[in-house]
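I have placed the structure first, in the form of structure tokens, so that the comments after it can refer back to it.
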Ligand SMILES: [Zn+2]
Ligand SMILES: [Zn+2]
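In the working numbering, the protein residues as written are 24 to 295.
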């Protein structure tokens, strides 16, 4: 039995509309609806503590249960694990921005569920069940690369606040395979002559710290990186007066801190 939802894959709806379409409960990551014969699965990358991850068109989806070891016999974990031999219809939504549920499409259990260790809501390691779900009728949402970077930066910020012990525990119990998903990226085309002009002006010395390039290229040219004082991503121009040559350390520093004092130093270097 298959249910045809009123929205095509790729559509984002709010929770109320999702419930209206699928006639399901407004709560939880797994929502069974006997009225539409569906099990709606929500993969929430914003609020959830679960480590759901994509590998191609298969989502490794964490089961139900916030605390303690998860059980395959528990509620919708059971429905999902028995789905290959039942007539329940599986539909997947993904949340990447608060309150926006993007319909991925119809999925099916692609392989047997397996166990792994993930922290529970209190950060205590426990066994969870992971369900490999393949998209059979729909599409994996393609996120802007910047959004994936943001999710990663948020996780890194959380990690920096944990104790050494907590970090060691989580680092060694983590997933062994990295997730991978397609991303939408925008690349700026940089003017090679503008970049070379900055390097010539620098004469092998970093225009921020004044230090020598840390090494030379195979052809003997000192290795420096070009940087835009006003970042291209923020509307900066790819011109001589906005481009400087930096050692790799100072380049990182500008992207991590972007201090006003450093910006002023660089501006002075680009004055004609
Ligand atoms: Zn430097
Ligand atoms: Zn840069």
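We put the beta carbon where it would ideally sit given N, CA and C, even for glycine. Treat the numbers as computed from the prediction; the structure is a model and nothing was measured.
Give the range of the alpha helix (DSSP H) segment to which residue i is assigned.
i: residue 212; result: Element bounds for residue 212: n/a, residue is neither H nor E.
i: residue 268; result: First-last for residue 268: 266 to 269, but that is the beta strand (DSSP E), not the alpha helix (DSSP H).
i: residue 284; result: 283 to 293
i: residue 103; result: 98 to 104
Relative to the C-alpha of residue i, which residue among the options is closest?
i: residue 153; options: 99, 136, 25 and 169; result: 136
i: residue 273; options: 262, 294 and 251; result: 251
i: residue 146; options: 94, 292 and 89; result: 89
i: residue 65; options: 74, 57 and 58; result: 74
i: residue 113; options: 160, 50 and 213; result: 160
i: residue 108; options: 132, 183, 81 and 49; result: 132
i: residue 41; options: 110, 118 and 81; result: 118
i: residue 212; options: 278, 80 and 260; result: 260
i: residue 79; options: 295, 281 and 204; result: 204
i: residue 169; options: 123, 201 and 208; result: 208
i: residue 32; options: 238, 43, 53 and 130; result: 130
i: residue 143; options: 85, 188, 134 and 164; result: 85
Would you list the residues sitting across from residue i in a DSSP beta bridge?
i: residue 53; result: 64
i: residue 35; result: 125
i: residue 76; result: 83
i: residue 239; result: 245
i: residue 130; result: 113 and 158
i: residue 118; result: 67 and 124
i: residue 206; result: 166
i: residue 89; result: None, per the DSSP bridge assignment.
i: residue 278; result: DSSP output for residue 278 lists no bridge partner at all.
Tell me the residue span of the beta strand (DSSP E) that contains residue i.
i: residue 150; result: 148 to 161
i: residue 20; result: The chain is shown only over 24 to 295; residue 20 falls outside these bounds and no answer can be derived.
i: residue 139; result: 137 to 142
On the premise that residue j lies in contact with residue i, defined as a C-beta separation below 8 Å, what is that separation, rounded to the nearest angstrom?
i: residue 227; j: residue 245; result: 4 Å
i: residue 111; j: residue 61; result: 7 Å
i: residue 55; j: residue 99; result: 6 Å
i: residue 138; j: residue 150; result: 5 Å
Q. Of all residues in the structure, which have a C-beta closer than 6 Å to any heavy atom of ligand 3, taken in chain order?
A. Annotation note on ligand 3: not contained in the displayed structure, which lists ligand 1 and ligand 2 as its ligands.
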